[in-house]
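Encoded as structure tokens, the structure appears first; notes follow it.
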Amino acid sequence: MNDVIVIGAGPAGTACAKKLAENGFSVKVYDKRAEIGAPKRCGEGISEASQNFVGKVPERCIARRIKGARLYAPDGRYLDAILSEGGLVLERKVFDKWLAEEAVKAGAAVQANTFISGLVKDTKGYFTGVKGEFLGNEFEEKAKVVVCATGAESPLRNQALGVFSKVNLIDSCIQYEMTNIDMDADLIHIYLSGVLAPRGYVWVFPKGEHRANVGLGIIPQDKKPKAYMDEFLKLHPEISKGSILEVNAGCVPVGGMVKDMVANGFVLCGEGANHVNPIHGGGIKEAVISGQMAADVIAECLKKNDVSKKALSKYNDVWWDERGNHLKRVEKLRETLERLSDEDLNDLVDALKPEDIIEFARGAKLSVLAKVLMRKPKLVGIARHLL
Amino acid sequence: MTWSINNDKCLRCGGCVSVCPVAALELRDNIIYDKKLCTLCGICDKACPVEAIKVTKQ
Ligand SMILES: Cc1cc2nc3c(=O)[nH]c(=O)nc-3n(C[C@H](O)[C@H](O)[C@H](O)COP(=O)(O)OP(=O)(O)OC[C@H]3O[C@@H](n4cnc5c(N)ncnc54)[C@H](O)[C@@H]3O)c2cc1C
Ligand code: SF4
Ligand code: SF4
């Protein structure tokens, strides 16, 4: 019998598997994708500092190094923030495979193209394994702990814990990877506008001098993201003149982090637990962190031979202490920004200083936003509301 | 009342799966739909980034 089966070989699953294997536990990771990391469902941007958790990313996983961010107000004015540390735009297909290889090097086994169709539960109410299918062959396999790292998309988390993403707390996204476009390719570009991207934003993340992920994410409206994207492209000939190399889509949870992520013999981590930064929808770093935290607690529980919900719930405590409460404040920040009209957003970008943007990207405190809003008489009311 | 999907428009992004409150959807090569579980709430239609799902209430 395996000590642990991990469902999903995204950043959360492989980070968890790697840490468990390093501690001497037997771990198997299954992913339904024929190719790990592909097709991508991601803008592929992370901060350099994310490497403190992810590990030093090999050059082959990096499409482009970024110096900073350009934030556009609805009226087209913009502000540049040059980051001291910069950012990376990844090649997720290569990056996810690298993470999987790291887990394998540590001693885990990984298998792609394997769909996990169900969970096995014993009569005592413990999850004890999975049912799956590999190339037409159905199988059942046992483990002391099952880790669900399926991303937000899988119904397994719903079956085990009743978890799903709330439709008013997701960013419904569409993205084109485009080439032959013009932009400042040393910066990521963020466009704010309630008209162009209500309760969301448009991003351009350069992967080369003239190649970028051009995406749009919004809290679902009557009009579809695809229609908003068409509008954005119409206004930006320097981008729409390019060619589309890849079409991606997806829904990122930007709120509603799951309070209780464990059951007897079962742990949920990564985007499946809605562990995403609510201000920008970045989930790679959070996925890795929660996978690692889950691994630490699982290792402890396996050593003590107690994988009950009670023992595993230490993971809830650790995650909420170290990440959850912080992300909850970031969620509040997003809610406030969502309330701003385009006119307010123009004022906001006008009032921002480059260092504020850097703070925001890190998931700034509410007091930072309040300080910025205070600079504009019309926004003082909203600022007071925050404090 | 009906639920339908246009597989030519579907981008296999799994967005609908993540928001379905009753786990009636699953993404394999295509979206798999479990009619027995579905309550026709229309949430999957709302989340979809393109116009691939149609839930109509008559
Ligand atoms: C359009 C878009 C843009 C984004 N941009 C960024 C960005 O720029 N930066 C950033 O940091 N984050 C971004 N994100 C979020 C980021 O992609 C995710 O948060 C991150 O990938 C989550 O990692 P994970 O390991 O939890 O899940 P995933 O990476 O989704 O991995 C889950 C894995 O589980 C597998 N799986 C699911 N169900 C099963 C099953 N039943 N059996 C077997 N395997 C299964 C899947 O195939 C998948 O490989 C973006 C998301 C979207 C949709
Ligand atoms: S209509 Fe509601 S219940 Fe039916 S598949 Fe869509 S989200 Fe699920
Ligand atoms: S949300 Fe729409 S595009 Fe995405 S998998 Fe579901 S039906 Fe297809």
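Each protein sequence line maps, in turn, to chains A and B. Going left to right, the first sequence walks through residues 38 to 424 as the numbering used here numbers them. Going left to right, the second sequence walks through residues 14 to 71 as the numbering used here numbers them. For each residue, glycine too, the CB sits at the ideal point set by N, CA and C.
Collapsed DSSP secondary structure at residue i in the structure displayed
i: residue 58 of chain A; result: helix
i: residue 335 of chain A; result: helix
i: residue 180 of chain A; result: strand
i: residue 326 of chain A; result: helix
i: residue 51 of chain A; result: helix
i: residue 39 of chain A; result: strand
i: residue 213 of chain A; result: strand
i: residue 280 of chain A; result: strand
i: residue 301 of chain A; result: coil
i: residue 90 of chain A; result: helix
i: residue 28 of chain B; result: helix
i: residue 258 of chain A; result: coil
i: residue 243 of chain A; result: strand
i: residue 81 of chain A; result: coil
Alpha-carbon to alpha-carbon, residue j and residue i
i: residue 360 of chain A; j: residue 100 of chain A; result: 28 Å
i: residue 263 of chain A; j: residue 255 of chain A; result: 10 Å
i: residue 353 of chain A; j: residue 418 of chain A; result: 36 Å
i: residue 333 of chain A; j: residue 268 of chain A; result: 47 Å
i: residue 98 of chain A; j: residue 244 of chain A; result: 11 Å
i: residue 118 of chain A; j: residue 391 of chain A; result: 4 Å
i: residue 152 of chain A; j: residue 115 of chain A; result: 46 Å
i: residue 409 of chain A; j: residue 415 of chain A; result: 12 Å
i: residue 63 of chain B; j: residue 204 of chain A; result: 15 Å
i: residue 73 of chain A; j: residue 380 of chain A; result: 43 Å
i: residue 305 of chain A; j: residue 154 of chain A; result: 16 Å
i: residue 297 of chain A; j: residue 350 of chain A; result: 8 Å
i: residue 46 of chain B; j: residue 406 of chain A; result: 44 Å
i: residue 320 of chain A; j: residue 312 of chain A; result: 7 Å
i: residue 190 of chain A; j: residue 91 of chain A; result: 23 Å
i: residue 382 of chain A; j: residue 111 of chain A; result: 7 Å
i: residue 177 of chain A; j: residue 167 of chain A; result: 6 Å
i: residue 329 of chain A; j: residue 19 of chain B; result: 39 Å
i: residue 199 of chain A; j: residue 315 of chain A; result: 21 Å
i: residue 325 of chain A; j: residue 272 of chain A; result: 37 Å
Below-8 Å beta-carbon distance, residue i vs any chain B residue
i: residue 148 of chain A; result: no
i: residue 210 of chain A; result: yes
i: residue 207 of chain A; result: yes
i: residue 234 of chain A; result: no
i: residue 197 of chain A; result: no
i: residue 130 of chain A; result: no
i: residue 53 of chain A; result: no
i: residue 152 of chain A; result: yes
i: residue 287 of chain A; result: yes
is_contact[residue i, chain A] using C-beta, thresh 8 Å
i: residue 53 of chain B; result: no
i: residue 70 of chain B; result: no
i: residue 31 of chain B; result: yes
i: residue 59 of chain B; result: yes
i: residue 44 of chain B; result: no
i: residue 66 of chain B; result: no
i: residue 18 of chain B; result: no
Best match in the options for proximity to residue i [C-alpha to C-alpha]
i: residue 210 of chain A; options: A:231, A:265, A:242, A:232; result: A:265
i: residue 413 of chain A; options: A:387, A:178, A:314; result: A:387
i: residue 137 of chain A; options: A:67, A:121, A:350, A:81; result: A:67
i: residue 84 of chain A; options: A:95, A:300, A:76, A:104; result: A:104
i: residue 197 of chain A; options: A:206, A:207, A:182; result: A:182
i: residue 337 of chain A; options: A:295, A:247, A:56; result: A:56
i: residue 257 of chain A; options: B:44, B:43, B:32; result: B:32
Practice item. Pull every residue with its beta-carbon under 6 Å away from any heavy atom of ligand 2, and keep them in chain order. Key: B:16, B:33, B:35, B:37, B:38, B:51, B:52, B:53, B:54, B:55, B:56, B:57, B:68
Practice item. Using the beta-carbon of each residue, find all residues closer than 5 Å to any heavy atom of ligand 3 and list them in chain order. Key: B:23, B:24, B:26, B:28, B:29, B:61, B:65, B:66
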